[in-house]
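S.K.: Residue numbers (the working numbering): 512 to 899.
The C-beta atom is built at its ideal place from N, Cα and C for all residues, glycine as well.
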């Protein structure tokens, strides 16, 4: 068990307000989810020396693992500290002090075996927790150190290849964004007609949220119902939730046809856009533009709105920076002749597929490499258990 080969020390304190740009190196548990990989030699944050005195210390070679998360998948994410100096960590994290290869442990905390065990030990519903005491019960294979190091060498090679592909894909994304913006740019002096989103739309609508938990509105529902968290600059082919015909009759939720440009108008999602490729209904935080086909190609409008995300988001009002239909309808857009719009769409569709479609190009290669990595990781980290 993990508790037999290591000392597990639960962290304490260190809210984000304690983090600074200089001082003693510190790894906040929240950063482990989003900013760190298998290992690191540098910290992204620091705390004042007087704050560090009160916190749990992390020595070179120690592994830091998270104890809490919003879901079972993320809880128990680990990072090995390979820097040369002592650093600190805080609450919701546990320091694992051991004599094994630190990267071997960190890799193992990604394995299927660890996932199955932590899932069985996790507690909570809204906040998932696996305590240091529970982590100590995790059964972990401990091969000889030289075997651990060879496993690490192999997995490092996979990780390095994946990182190279990710970097290349990111470069393609930047290239695509530049190319897209160049195609869509049309200075007013160029002679291209400018209009507003409202003026090139045959209809602009919103939706509604049927009463949550109401069986008559949700049970056995067949109508796709879109929420703003699903509006992610993509084509929408399905939704997470479906509602009933009764929900359409008794609430303001209504069908919209396929091919609408949908703009999220509320809170953190405000300004994000999508295109529904199927008829569906939406919640009230979506502003749905049914584009007039005589004036504009809906995909051209989508590409343009997507390219203007930051500008549209900046139009938000109030404490939550919300948008509204009036604001979005008044956004100006260049409207070249339809043949030009269709040519632009054809080019951007192909380019978009090259950088986003998981079935072709770099995205496909990256997805294949990740599957290959996961396969070999779990095989390399699985051992027959020796019983005495």
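Measure the CB-CB distance between residue 831 and residue 778 and report whether it falls below 7 angstroms.
M.R.: Looking up residue 831 in the chain shown gives position 320. Looking up residue 778 in the chain shown gives position 267. Cβ atoms of residue 831 and residue 778: closer than 7 angstroms.
S.K.: When you compare only the Cα positions, how much space is there between residue 847 and residue 535?
M.R.: As a position in the chain shown, residue 847 is number 336, starting the count at 1. As a position in the chain shown, residue 535 is number 24, starting the count at 1. The straight-line gap from Cα to Cα measures roughly 57 angstroms.
S.K.: Which runs of the beta strand (DSSP E) fall wholly inside the region 652 to 734 and span at least 3 residues, in chain order?
M.R.: DSSP runs (the beta strand (DSSP E)) wholly in the region 652 to 734: 704 to 707, 712 to 716.
S.K.: Assuming residue 791 and residue 736 make a contact with CB atoms under 8 angstroms, what is their CB distance in whole Å?
M.R.: In the chain shown, the residue the question calls residue 791 occupies position 280. In the chain shown, the residue the question calls residue 736 occupies position 225. Right, their Cβ atoms sit about 7 angstroms apart.
S.K.: So, do the region 632 to 642 and the region 589 to 596 have three or more beta carbon pairs nearer to each other than 8 angstroms?
M.R.: These segments do not touch.
S.K.: Would you kindly report the start and end of the unbroken beta strand (DSSP E) that includes residue 801?
M.R.: As a position in the chain shown, residue 801 is number 290, starting the count at 1. 797 to 802 is the extent of the beta strand (DSSP E) around residue 801.
S.K.: With contact counted as at least three CB pairs below 8 angstroms, one residue from each stretch, are the region 527 to 544 and the region 561 to 579 in contact?
M.R.: Yes: at least three Cβ pairs fall under 8 angstroms.
S.K.: Helix, strand or coil: which one does DSSP assign to residue 536?
M.R.: Numbered from 1 along the chain shown, position 25 holds the residue referred to as residue 536. Note: residue 536 maps to strand in three-state DSSP.
S.K.: So what's residue 863 in DSSP terms, helix, strand or just coil?
M.R.: Start at 1 with the first residue of the chain shown, and residue 863 comes out as number 352. Looking at residue 863 - three-state DSSP - the assignment turns out to be helix.
S.K.: Going by alpha carbons, who is nearest to residue 844 out of 822, 762, 620?
M.R.: Here residue 844 refers to the residue found at position 333 of the chain shown. Out of 822, 762, 620, 822 has the C-alpha closest to the C-alpha of residue 844.
S.K.: With a threshold of 7 angstroms on Cβ separation, who are the neighbours of residue 742 within its own chain once the five nearest residues in sequence on each side are excluded?
M.R.: Mapped onto the chain shown, residue 742 falls at position 231. These residues qualify, in order along the chain: 773, 775, 780, 783, 784, 785, 797.
S.K.: Less than 7 angstroms between the beta carbons of residue 531 and residue 547, yes or no?
M.R.: Residue numbering aside, residue 531 sits at position 20 when the chain shown is read from its first letter. Residue numbering aside, residue 547 sits at position 36 when the chain shown is read from its first letter. No, Cβ-Cβ distance for residue 531 and residue 547 is not below 7 angstroms.
S.K.: For residue 587, count neighbouring C-beta atoms within 10 Å of its own C-beta (all shown protein chains included) and say buried if the count is 16 or more, exposed if not.
M.R.: The residue labelled residue 587 in the question sits at position 76 within the chain shown. Buried.
S.K.: In the DSSP output, which residue or residues are listed as bridge partners for residue 634?
M.R.: Counted from its first residue, the chain shown places residue 634 at position 123. Answer is 640.
S.K.: State the DSSP-derived secondary structure class of residue 564, mapped to helix, strand or coil.
M.R.: Along the chain shown, read from residue 1 onward, the residue named residue 564 stands at position 53. It is coil, neither helix nor strand.
S.K.: Of the residues 567, 609, 860, which one's Cα is nearest the Cα of residue 514?
M.R.: As a working note, residue 514 is residue 3 in the chain shown. Nearest option by C-alpha distance: 609.
S.K.: With a cut-off of 8 angstroms on the beta carbons, I'd call residue 708 and residue 576 a contact; round off their distance for me.
M.R.: Within the chain shown, the letter at position 197 stands for residue 708. Within the chain shown, the letter at position 65 stands for residue 576. Actually they do not touch by this definition, with Cβ atoms about 48 angstroms apart.
S.K.: Residue 487 and residue 795 look like a contact to me (Cβ under 8 angstroms); what is the Cβ gap, rounded to whole Å?
M.R.: Only positions 512 to 899 of the chain appear in the structure, and residue 487 is not among them; the question remains open.
S.K.: Residue 740 and residue 808 - do their beta-carbons sit closer together than 7 angstroms?
M.R.: Looking up residue 808 in the chain shown gives position 297. Looking up residue 740 in the chain shown gives position 229. No.
S.K.: Using a threshold of 7 angstroms, state whether the C-beta atoms of residue 555 and residue 525 are closer than that.
M.R.: Position 44 of the chain shown, counted from the start, is the residue given in the question as residue 555. Position 14 of the chain shown, counted from the start, is the residue given in the question as residue 525. Contact flag unset, no.
S.K.: Assign residue 813 to buried or exposed, taking buried as 16 or more other Cβ atoms, counted over all protein chains shown, within 10 Å of its Cβ.
M.R.: Looking up residue 813 in the chain shown gives position 302. That one is buried.
S.K.: In angstroms, rounded to a whole number, what distance separates the CA positions of residue 869 and residue 682?
M.R.: Position 358 of the chain shown holds residue 869. Position 171 of the chain shown holds residue 682. For residue 869, the predicted structure reports a pLDDT of 48, less than 50, and the residue's modelled location is therefore unreliable. A value from the coordinates is still provided. If I take the Cα positions, the gap works out to 17 angstroms.
S.K.: Can you tell me which of the three DSSP states residue 811 falls into?
M.R.: Sequence index remark: in the chain shown, residue 811 carries index 300 (1-based). It is helical.
S.K.: Quick check: what's the CA-CA separation for residue 793 versus residue 864?
M.R.: As a first step, residue 793 must be located in the chain shown, where it is residue number 282. As a first step, residue 864 must be located in the chain shown, where it is residue number 353. About 26 angstroms.
S.K.: Considering only their Cβ atoms, is the gap separating residue 653 from residue 516 smaller than 7 angstroms?
M.R.: In the chain shown, residue 516 corresponds to position 5, counting from 1. In the chain shown, residue 653 corresponds to position 142, counting from 1. Yes, these two residues count as a Cβ contact at 7 angstroms.
S.K.: According to DSSP, is residue 850 helix, strand or coil?
M.R.: In the chain shown, the residue the question calls residue 850 occupies position 339. Three-state result, residue 850: helix.
S.K.: Using a threshold of 7 angstroms, state whether the C-beta atoms of residue 818 and residue 722 are closer than that.
M.R.: Stepping through the chain shown from its first residue, residue 818 is reached at position 307. Stepping through the chain shown from its first residue, residue 722 is reached at position 211. No.
S.K.: Taking residue 605 and residue 680 to be in contact with their CB atoms under 8 angstroms, please state how far apart those CB atoms are, rounded to whole angstroms.
M.R.: For the purposes of this step, residue 605 is identified with residue 94 of the chain shown, where counting begins at 1. For the purposes of this step, residue 680 is identified with residue 169 of the chain shown, where counting begins at 1. Between residue 680 and residue 605 the Cβ distance is about 34 angstroms, and since that is not below 8 angstroms, they are no contact.
S.K.: Which residue wins for smallest C-alpha separation from residue 583, given the options 732, 628, 615, 611?
M.R.: On the chain shown, position 72 is the one that residue 583 refers to. The shortest C-alpha separation from residue 583 is found at 628.
S.K.: Measuring straight from C-alpha to C-alpha, what distance separates residue 619 and residue 625?
M.R.: Translated into the one-based positions of the chain shown, residue 619 becomes position 108. Translated into the one-based positions of the chain shown, residue 625 becomes position 114. C-alpha separation (whole angstroms): 7 angstroms.
S.K.: Considering only DSSP beta bridges, list what residue 828 is partnered with.
M.R.: Taking the first residue of the chain shown as 1, we reach residue 828 at position 317. Answer is 833, bridged to residue 828.
S.K.: Please go through the same chain and pick out, in chain order, the residues whose beta-carbon is closer than 7 angstroms to the beta-carbon of residue 727, but skip the five residues on each side of it.
M.R.: Taking the chain shown and counting its residues from 1, the one referred to as residue 727 is at position 216. So the list reads 755, 757, once near-sequence residues are dropped.
S.K.: Measuring alpha carbon to alpha carbon, tell me which of 601, 512, 572 ends up nearest residue 523.
M.R.: The sequence position of residue 523 within the chain shown is 12, counting from 1. Selected option, being the one with the closest Cα: 601.
S.K.: In this structure, does DSSP put residue 573 in helix, strand or coil?
M.R.: For the purposes of this step, residue 573 is identified with residue 62 of the chain shown, where counting begins at 1. Three-state DSSP puts residue 573 in coil, outside helix and strand.
S.K.: Counting C-beta neighbours from all protein chains within 10 Å, is the total for residue 686 16 or more, i.e. buried, or is it exposed?
M.R.: Within the chain shown, numbered from 1, the residue matching residue 686 stands at position 175. Exposed, by the Cβ-count rule.
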